[in-house]
Structures are given as structure tokens and as C-alpha cells.
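Here the structure is laid out as C-alpha cells; the discussion comes afterwards.
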Amino acid sequence: MAEIRAEEPASTISKTFLIKPKLKSKPRSLPQTPESKYWSSFKSTKIPNLVSSISSLSFSPSPPHLFATAYSTSVSLFSPLSLSDGDVSPSSTISSFSDVVSSIAFRNDGLLLAASDLSGLIQVFDVKTRTPLRRLRSHTRPVRFVKYPVLDKLHLLSGGDDAVVKFWDVAGESLVLDLMGHKDYVRCSDCSPVSPDLFVTGSYDHTVKVWDVRVENSRSVLEVNHGKPVEDVIYLPSGGLIATAGGNSVKIWDLIGGGRMVYSMESHNKTVTSISVGRVRKENDGAESMEDRILSVGLDGYMKVFDFGNMKVTHSMRFPAPLMSVSFSPDCRTRVIGTSNGIIFAGRRKGKENVESGRVGNVLGFESISEPERRVLRPTYFRYFHRGQSEKPTEGDYLVMRNKKIKLAEHDKLLKKFRHKDALVSVLSRKNRENVVAVMEELVARKKLLKCVSNLDSDELGLLLTFLSKNATMPRYSSLLMGLTKKVIEMRVEDIRNSDALKGHIRNLKRSIEEELRIQHSLQEIQDLGTSRASLVNLFRGLGNIHLPSLQTSLTPAALLTSASLILMFGNKSRMVFVNFF
Amino acid sequence: MMRGGRSLVSSPPAFSNDAKKLLVCTSNTVSVFSTVTGLLITSLEGHTALVTSVIVVPPSNPAAKVLCYCWTASLDGTIRYWDFSLPELMKTIDIRMPIFSMGIPSFLDVPAEENGKHQDLFAYVSIEDTKETQERTKASRRQIRKCNLSKSRLVGRLILGETRKPEVLTVSPSGKFFGIRNKCKLHIWKVLDQGSERAAVRKITLHHTKKITVIAFHPTQRIIAAGDVTGRILTWRGFGNRAFAASNGVADQKLINVQEDKPGVRDNDDADSCSTWHWHSAEVNVLSFSSDGSYLYSGGKEGVLVVWQLDTGKKKFLPRIGSPLLYFIDSPDPTLSSISCADNQIHLLKMPSMGILKTISGIKAPCFYPDIYEGLGNGIAFDQTAGIVAVRTENYCIQFYSLFDDRGVSEVQVCERNHQPGDDVTVIVTSVALSIDGSLMSTSEVKLAEEGIGGLVCLKFWDAGSQNKEFSLSTIVYEPHRDAGISAVKFHPSGNMVVSSSFGGDFKVWKCNHDVIQNDQMRQNFSWTCHSVGSYKKKPMTAAAFSADGSVLAVAAETLITLWNPYKNVLLAVLGETLTPIVNLSFVGKSDNLVAASCGSNPQLSVWNMSKLSVSWSYKLHIEAVASAVDLSSFAALVLLPESSKKTTFKGMDGVILLFNATDPVPTVIWSVRKAKGGALCFVQVNPSSVEEISIDGKAPEVLLAYMNGDHEYVLFDPYCKDAREVSVSQKEGLAAHDHKGQAGQYGYASIYGELPEFDRKRPEAPWVPSFPSDRPWETIFSGSSHNLPPLTKLCSAFLESLLEKRTAAAE
């Protein structure tokens, strides 16, 4: 009779088990969210050796989005394209400054660059030729910021330690407005992305003022109090919200709502030095969209990504130095962070080149030519036989998974063939000590380990002794390896006597055991010092199990002593923590 | 009373004629399983002792394929004839001697009603003569005798053979021969055609140098195969040419020619040739020819089914079955066969490819370890609410077995190791604990050391997903108490706390942190961390228990009981002293009593009052297990009887179950049980959904007491019901009826092309309708659109067959 019923999968009775090392306890961390994946996808490049603190970073608004960095008395321009090739030298440097450059700003077409320095001078450069075109001098004290309005090519905004905000006409090198109102150093400002006339400034007098150049009496239109000296202020892309950074907090204010505080983010531990708007790609139901985030950096070395839609910190990244400035490129492919010790961490992520420019092209009406017509596949074509192979399943398709192929390592294969000695030798030569221990445990389970040891020839014995001398004192494995070491030496004493190479291994082994003994002794001493014995015993067991593997090689007993006495101070509380680990 | 957990592999099973049912001997009953679903359909109950053989009556003509008759033989000395579709006992033959094996070679020789003369049906039985003990030596009491089934009696004094041990009769598929093994010899009888009672049966003997373990007959040719204890398979071809042919008067000179050249045949044995195959390393337990006779199946202790091509000797394997094979049975359907394994599983194989279609899974036998490791519990844990028992098995698994359904639910591989039967034990699962709701499990295992090297204790925590009952590993703790072994693992009533006590002198309380990960489906992620460590005067901690509300943790420090607050890890009190170490602690429900059992030279059962912190009462009893229900004030204890009292007062019973009220030292009820060593006890809650199904005299019990004996057979009964102890299980039968109906009704169109989707078959009201189709297939067989109708040739035979069936049914 013909087979009617669909073939049922034949159930297997027994499975293949790989010889795997013991699991390690892993730190309890949340799995990566898509967003943190996105932020980690910025491949970081380090630009070292810039002389001092990176006071300002700015991206050119036009492709290819050069970025300018201000450090010491010079401004350097870097190309993000060369960064991805690993080239970290600046493409050009402007160094015609008499004092430390405090701030730089690109004009919205990317052709001009304004830079201010602590001598109070503001200069406007041609980006291409690097010649100073205009010199604006009116500030009596150091200038702290200079900004081009987003929608205006003719004016410039600056402010500084004289507590005055100045509005310049660049072409005529003349001052248009002096805006008074701040009572302390003005440190930062930003221009509205929607209006050429509106801008905000932040000052060390804790206030952020919103100005409108159309207002005649040169008074601020709105004022909010951040509560701490304001380090940075930005407009969020809608133009209705601003974010201010000062102290350990970043606050978001609703300007249209009359200066109401929307949220205060307080996840930095030290002063937030700079904030910037970043964009993240989100996939919602298949459709890609970009969402805005606030990137904030602080002296605590953290960069935090803040989702001001959901009022949540979505990502956090640690850098090894206090951070001074942050900027995010308009094409969303580069983010740069400047530190206080002259290092720039530039991150660049892979992606289609010129995403932005392509879009601009479309806007201008240069529609790309429609795709060339697909050739119909015929059996005479080679590709005919590969058709559909790379087809992606649609949502409704029922997927029939191919059984996962089990990858067998060499020692697994040998163990399957019951070639126990070969398996041991093969894994010993691989230098993965966890696997070695796992194979040894499997051999113990098969009651074949000692047989293997007795069958090893002198080279292989050397391999084993090298492994033992390195790892026998490791607390994680010592219960197995110490016993084995003893047995090996007992069983192969004749071979070891006859060979000089093996004697050397034994010497190494002796040395490592002596060192371990010394550590144990010093630990014993601390134990005697301690007040409550019982808790300390537990403590040291915990210490022995957890800390020793990492400390052992690098730390002398003296260092161990200090680390142990540190833990002593925490007393019973930390004991719980240690116990938890094993 | 519900019984279960019986061995499915005590004797070979048998397929029904349509290969849709498998008849399995399960101690006193024969259980009929569906080969499609692997579920129990019905059982034949009537024998009073172990059923040793079941033989399905083969169909005399194709139309009789639907007939479901079988013969069974049992140690109670009866042979019974059943219609297993009903099931109904048709006939009982009492021969008053325990039957070890029965063979009925000559069904085919009994034409039903041919020329009016009804011939007798003979069976050959291997029995033990219990009557004449005095005059005969014990050796010759096991006899092979002939039995006239039609006349219901043994045939006179005819004794075909006598053996030292009860031997299994093997009947050739052709029905012409049957044989037994007898140490190194093999006896073969030829069945004579005429069914007269006195007709002498001829016998030949074949010799071998090793003990023969199993024999098999070729279906068509005169070939017999035998396996021996060393793993060799011998095949004799053309056996009995001389002895059996002579009676037919074949020319004698031919025989002489044959005698010249008999390769491999020992001595003067009556066979043409003998060849030997050797692959198995240990004794051969399974030997069977395929139905066409071109292959030979063999298997043994190593758990590998070997298929030999008979002509060439080429081999094919079905490896890694993981348990010694016991029986291989071919079904009438050439694509289906079954193998029975020693671990109480029957696998149904899809034949040419040898894939496993279904497994009928009985409870796995307890595994016995050498006494090298201390603190080995019996490895049984109960899920009180779901009525599921978790037992430790030999292949490093935990088997979950449903007590109510009497079948295996699932299996969890605890250690990542393959089990090869016959391997040395290197890993032992020492204890298993289930949380009260059954969703969490904790196991501990120990890897044995090789001459002092290695050795690792491991504590594992498992959690089951909310819907499916598959356990997945959530946390592994290596060496939880350094190198000391774990003596007990117990769950907190809330389920988020576990205590593990060790012989190394400390106990640890583990706490569950679980966070819910919200991806496509809700998934809970459990992880366990150590919450606190406690020890009392460095004494080995031998047992632990949480109180019912979870506020008190009792840990036995050898002979003392220490009481702790599990949350704050504060020692609350220390209770008195017993003479020997305590091995079992248990709080009695919600009452403030604690039961402690200690074993050793001075065994003791003591009940402690928590409010007074003193002993209420105690007995000097050897306690094997203690069970207490969550919301009851009584507890049950399984007591092993001392050797002296076993013979006198309790006949063959070696244990008693005592039901105590915690405050009263006089037990309320006593039951005596067998095989109490290694047994377990538990109160199982009857969940409301099955209340109406499990009822005693109309009213449902709240809780049942489950007793599992040392062989993992169990019984469920209501401990409070005094007068009626019968728990009727209507639920099971209802299910079986449904199942049975579903299979018996597939004929005609449905049997060829599967069921039509809109085909609505009316169910008969009474569940026990004979298996004959209640509907008329010829009405539906040709219905359906013409383009998807099967070819006429196929339909025609099915159609005609269905007509024929109807007629036989009418004739009955």
C-alpha cells in the first residue's frame, strides 16, 4: 500500500553530547537592545596626541561632513572618510590664533568657519583656503562661544566672560546688538532650527535666556533657571524644546509652554560638559524611521544616550578620560567625542555612502534611472539553476528548519572513537585550558585518565606537565589538577628522571606551587588578624574562588594583602556578595 | 484503587492482526495499546498472577483480519481466550500449573468449518508441575506439555520434555516446528499435521558448546538461529532432514549423501550446515527473522539492533537505543515492528528505515548503585497537584510519569552524557526535588572520581515553561558545598527558595531571582543565587524541610534538629537528640508537628511538637519514607518490617504503611505492602477537573495516597475511605473508548486515502460496541468528486473486502 501519512520525524533515542567546559557564571547584564547595538556599531577610532583639552567639536553641514576640532591654539579639520580608512591625521590645520580656541562654528553651507579664542577675538575663515576673512573684535574678556544661526548666513552670535551676548553682522565686521542680561560668564548658546531670529544662551548665573533679535529693548524673551551653572544648551530639532546641561543633570524645557521643565535626567555622576542631538535608526513594523536622541558627555567619562520621547536613558558608554565635547554628524554616520587630555574618540559606522546627498538629489529632481529590466531566466542560463536559493521567507511562510549540524571539535571526534590518549594530546596542544579540563573530566568519567597518562610518550608528557605547571594551582581547577599532578609524578617518575626537558617542567611546577603556598600563607596571616573568624573563613573562600585567578599572576602577596584588608572593612555585607558567586 | 507503573516488558508483546493494536503483558493484565497513538485502549483483566504469554489468533482468511481474539497464559495456571476488542473473556482453561510459556503452532491447521469436521486446537505449554513434588527431583518439574484447547484439558500424561529451568517455547512462523533452548542444547519438535491427541511428536536436538539464550525459526525454510551467552549467533540450515523427513518416507540414500558433508555441525546433529556470526559482545537476547525470511534481527545487552542479511551476512545497525533489548516483534504490517527494552519502553519502529515512530513508555525501573556514595535518596519526587512522579533513571534522566494516566510524560536529561548499558556508573543523580506547583525542579548529581582524581558535585535548577512541561536548565552550581556531597534538597512552599544540605557540615539557602523577558512570547528567566549559608557545630547536615507556611526551616545536624528562619538566616532553636543520624525530616501539614526519621542500628520515628519544642511520641521503626499532605494534620509512614516478623505475621509482605494523626501515637490505618525497600509515599491532590472522573461510591476523595514500591509499581488509593477501597476510573475508559472508536472505524476510502474532512461519523451511544464497522462503508466509499477518487482497482478490493466483513459479522 502506498504511503499516505506524511513522514513523521524519526525520534532519536540518544543525543550527541559535546565535551564542553564548565559554564562560567556570567555577570548579570541585560541583553543588548537594538538601540545599544546601533550605538555599538560605531567603529571607534582614537585620534591621539592633540595637545590639550578638546574644547569644541563641530561638523560641517554639507557633505562630506568634515569636522573641526578646537584644541589649544589651533583648529584642525578631519575628514570622516579618511577615518574609516584608519587615517588619523588632520586634513588641514588652522593655527593663526594667539590664544586658546574656545569655540568653532560652521556656516550652514559649510563654506565658512568661525572661531573664537580666549583673547576675545572672533575670526571667520574660508574652510578651503584657511585664510582669515573677517576679524571681529569687541569682547573685552575671553569669548566662550560663537554660533552661526541655522537659517541665516550673514550674522554671527558670540558671548563670553564679560556676560554680554553679541550679535554680529559678519560682512561688515560690525556689531549689530549687545544683549545684556546675564549676570555671570555666558558659556553656551544655540540658535533655533526653525527661526533665524531666535536663540538661547546659557550662563554660569544658572539661567538660560531666550533671545529674539526682533525685540527692541534687547531684553530676553524668556528665562529659565537650571539651578546649576549651565555648561551647554541645545535646541531640540522641533524648535520648541531646549535641553540644558549643567551640574550632573540634563534638563529639558518646553519653550512654547512658557519655559516649563519637562524632565531632568540625572544619570551622570559628574558635571555634564556637552550635549548634542543624535539620531538613531528605528525599525517599526518593517518601516525604518529615524528618532532623535540627546547625547550627553560628562567629566565622569560616560556618554549617555537619552531618548527624550520616552524619557529614558537607552544607552551608556564608558570612556577612559573625562569628556569635554560631543558632536554627531548630520548624515548620522559619525560621532566624535573630545576628552580633556587631547584624545578624540571618533566613531564611524558602516553604511551606504552619501545617504544624505542621494536624498538631496531626489529633491532636486534628479530621479535615478529606473532599474534595468530583469532578464527572464531560461534553462540555458547558469543562474536558472540557482533561482530561488537566496529567497527570503515571507511572513506567512511555514519554515522547515534544517537540523542544526553539530560541530564536533577534534577531541570530540577522537573521544567518539575511543582514542582517549589522542584526544587528550589534541586538546592539550590547543591551549584552551577550559577544554583541557573538560576532556580530563570526561576521561575521568570513562575511567581512562590514568591509562592515558601512562601511555603518553615523553613529548606528550612534557605537554601535560607544561599545562599542569601553569594551571595546577588555579583554584577553579585545582581540585582535579592537583590530584592529577601527584598521580602523574608518581606514575612517570622514571621517565622524568631520564629526561632533562621534563625535569625543567617539574622545576616550573615546583615554582608555581611555592608561589601559591606563599599566597596561602599571607592569606592565613590576614585571617589571624581578623576580628570575626567565621565570617572571614567564608570570605577567604570566596576570595580564593573568585579573585585569585585574575590576581594571581599580576599581584604580589603584598598587593593581595591590601585587597584582602579592603574587603575586610566591608565586613559581613560583602560576605553575602561573595557567597553569591559560587 | 488505581494501580500502575507495571512492567511492560515481562514477556513478549503481540500485535493484533491489523497491526493497529499491541497487546502487552502487564503483570496480571494484558494491556492493549494503540500503535498509532501509543495510548492505552483497554486492558484484559482476569488473570490472578503474572501473564506470561499472549498469542493473537491469526486470521484464517483475509476477511477475518478484523477479528480480535487472543489466547493468554499466566502463572496462575489458566489459559484464557479473549475477544480483546470488547474486551470480553470467552473461555478459561484451568490446568492448575503455572505456565511459563505457551505456543500454539497450528492455527492454520484448524480450518474453521471445513467439511463440517471441527479439529481440535492444540497448544504447547511450558509448565511447572507443582503436584508431585515428593517423588520427583526438583530438576525435572519443569515440563513441556501439550494442551488441547478445544477440549480444555492437558493431553493425558504426555510430557514432551523436562528442563531444569522454565524455558520459553518458540514456535516457528510456519507452525510446523517449535523449540526450546536447554542450556547448551536446542530441542526442536515437529508438529504433526493430524491434530490427534496422542500423536507422538518427534524431537531432534542440536548441540552447541555455549549456553544458548534465544532461538528463532525461519518463516519458510528449515533454518533455525540461536544466540548464545558469548554473543555468537548460530544458524543451522536444513535441520531435521533425517528425523523429520524419515516419517514421510523419503528415500534413504539421499540421507546418506547428506551425511557426508555437514560443515560446522557438531557431533551427529541433524542439520545440513551450521554457520556462526559474531558481532555482539555480550549475550544475545533478541533474535528474529523478518517475515520474508531474508533478514535476521538480533540485539542484546549493548542496546543495538543489528540487521543481518541472511545470505551475505552483511550488517545494518540501529544504534544508541540506550537500554538492553529484550524482544523484537514483527507485525502483520510489514512497515511496523516493535522492540521492547529493559528500561520498560516499547519502541514502535517504522520498518525499512528503522525510525522510531512512537514509544510506549512505562515507568523506568529503579537503578541500583553500588554503595559507594553516601546519602543516596531513592530519587523519587512527587508533584502533588498534577499527580506526576519524577523518578531517577539509569540513563542520567529524570522521567516524569503521570500517576493518573499511567504513562510516561516526559524525560529530562540531567547530565550531558550518553548512557551505554553495561558501562560503569560514573555519574549518579543523587537527589531530585520538585516545587509544590511542579514548575521548578532541582537535581543534584555527583561525578565519581577515578582513583581519587576528579569527582564533582553539581546542583542544578530547572524550570518548566508555563505551557509546556519541558524542563530547561536555569542554573548550574558546581561544587555547591565544596567537595562534600548533598544530602537533601527541598523547595520552599512558595517555590522561590531551595535549601540544600550537605554532609560537609553546612546548608545553603538558594533564592530565585526571576525576571520576565518580553520578546515574542513571555519568557521567564530564572536564576538562582545563594542567599545564605548556615552550619551548626560543623556537624554533617543530613536532612532538611520547610514548614508549610515557609517560615521555619528545619535542618537535621546528624542527631539534632536545628530550626532556622530561612529569610534572615537566624538559628531559632535546637531540638533534642536522637540515637542515630536523622535521614528524613517532614513537617506535618499545617500543624505544628515535625516528623523525623532516623535509620541505622537504632532506627527511630519521632514526632516533635514545635510549640513545646519537645518529642511528642516516637517509635523504634525503620522508616523508608514519610509523606504528609499540605493541609492535613496526619501523615503516612512507610515502615520496613524487621526480618523476624516478616515470616510470621505478614505473608510475604515486607513493609507496612501507617497512617498517623500527628498528635496521636496510635496509627489510624495500617496497610501491609510488598517490596517496600526503596519505596516512596505521597499524598496526591485530586484536582477539581478530574473530580467527577475519579470517584468512590459517587463521592470524590480530596486526596489520594500514592505508594510506589521498590520496583516502581504504584497504587493510588483513598486513605480515609474505610469501606469502599475501589477507585473507579471512568475517565481512562472514556478516553480509551474514544481512541478505540477512532481506529476501528477506518475502512474503505478512509483506510486508503485518509479521512475525508467533512466525513461526519455518528458515534454510537454505548462506548462498548464491537469493532465491526457500525456504518456502511460501501455507501461512502465511492462518494467524493471523481477526480480525487482512487483508482478503481484499489477501491474495488477495499469495497469487496468491506462487503465480506459485513457478512462474517452477520454470521457470527
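As given, the protein sequences belong to chains A and B, one line each in that order.
Throughout the first sequence, residue numbering follows the numbering used here, covering 22 to 603 in sequence.
Throughout the second sequence, residue numbering follows the numbering used here, covering 19 to 830 in sequence.
C-beta: ideal position from N, C-alpha, C; glycine also.
Note that the coordinates shown come from a computational prediction; the quantities given were computed from them, not determined experimentally.
Buried/exposed call for residue i, threshold 16 Cβ in 10 Å
i, result
"A562(B)", "buried"
"S815(B)", "exposed"
"H86(A)", "buried"
"S297(A)", "buried"
"E106(B)", "exposed"
"G245(B)", "buried"
"A383(B)", "buried"
"V347(A)", "buried"
"T330(B)", "exposed"
"R171(B)", "exposed"
"P414(A)", "exposed"
"K469(A)", "buried"
"Y315(B)", "buried"
"A192(A)", "exposed"
"A591(B)", "exposed"
"H296(B)", "exposed"
"Q271(B)", "For Q271(B), the pLDDT reaches just 44, beneath the cut-off of 50, and the residue's location in the model is therefore unreliable, leaving the point undetermined."
"D672(B)", "buried"
"V293(A)", "buried"
"G179(B)", "buried"
Where the alpha helix (DSSP H) containing residue i begins and where it ends
i, result
"S105(A)", "101-105"
"R518(A)", "514-519"
"L449(A)", "441-449"
"H432(A)", "431-437"
Where the beta strand (DSSP E) containing residue i begins and where it ends
i, result
"H510(B)", "It is not in any beta strand (DSSP E) - H510(B) carries neither H nor E in the DSSP assignment."
"S420(B)", "415-420"
"E252(A)", "251-256"
"Q363(B)", "363-368"
"V430(B)", "425-431"
"V445(B)", "445-452"
"V684(B)", "682-691"
"N583(B)", "578-583"
"A360(B)", "Element bounds for A360(B): n/a, residue is neither H nor E."
"C476(B)", "474-482"
For residue j and residue i, believed in contact at Cβ under 8 Å, the rounded distance
i, j, result
"V207(A)", "V186(A)", "6 Å"
"T90(B)", "L57(B)", "So it is not a contact: roughly 21 Å between Cβ atoms."
"I446(B)", "L474(B)", "I446(B) to L474(B), Cβ: 11 Å. No contact."
Neighbour flag for residue i against chain D, beta carbons, 8 Å
i, result
"I494(B)", "Although the question refers to chain D, the structure presented lacks it and instead comprises the protein chains A and B."
Report task. Jot down the residue ranges of each uninterrupted alpha helix (DSSP H) in the segment 453-508 of chain A, minimum 4 residues, whole runs only, in chain order. Result -> 454-466, 470-476, 479-492
Report task. Only counting runs of 4 or more residues, tell me where the alpha helix (DSSP H) segments fall wholly within the segment 285-335 of chain B, in order along the chain. Result -> None, since the segment 285-335 of chain B contains no complete alpha helix (DSSP H) of that length.
Report task. For the segment 59-138 of chain A, list the beta strand (DSSP E) runs that are entirely contained and at least 3 residues long, ordered along the chain. Result -> 64-68, 75-80, 88-92, 95-99, 113-115, 122-127, 133-138
**Report entry** Residues of the segment 459-471 of chain B with Cβ closer than 9 Å to any Cβ of chain A, in chain order
**Finding:** K465, L466, A467, E468, E469, G470, I471
Report task. Taking only beta carbons into account, state which residues of the segment 501-530 of chain B come closer than 7 Å to chain A, listed in chain order. Result -> D501
Query - Chain-ordered residues of the segment 436-452 of chain B with a beta carbon less than 8 Å from chain A - result: N436, H437, D442, T444, V445
Report task. Report the residue ranges of all alpha helix (DSSP H) runs contained in full by the segment 514-568 of chain B; include only those spanning at least 4 residues, in chain order. Result -> none
Query raised in the report: Mind listing which residues of the segment 504-528 of chain A have their C-beta closer than 7 Å to chain B's C-betas, in chain order?
Result: G504, L505, K508
Report task. Below 7 Å between beta carbons is the criterion; list the residues of the segment 474-500 of chain A that meet it against any residue of chain B, in chain order. Result -> S500
Requested in this report: Would you list, in chain order, the members of the segment 457-470 of chain A that have their beta-carbon closer than 9 Å to a beta-carbon of chain B?
Outcome: M461, E462, E463, L464, V465, A466, R467, K468, K469, L470
Query - Contact residues within the segment 402-435 of chain B, judged by C-beta distance below 8 Å to chain A - result: N413, Q431, E434, R435
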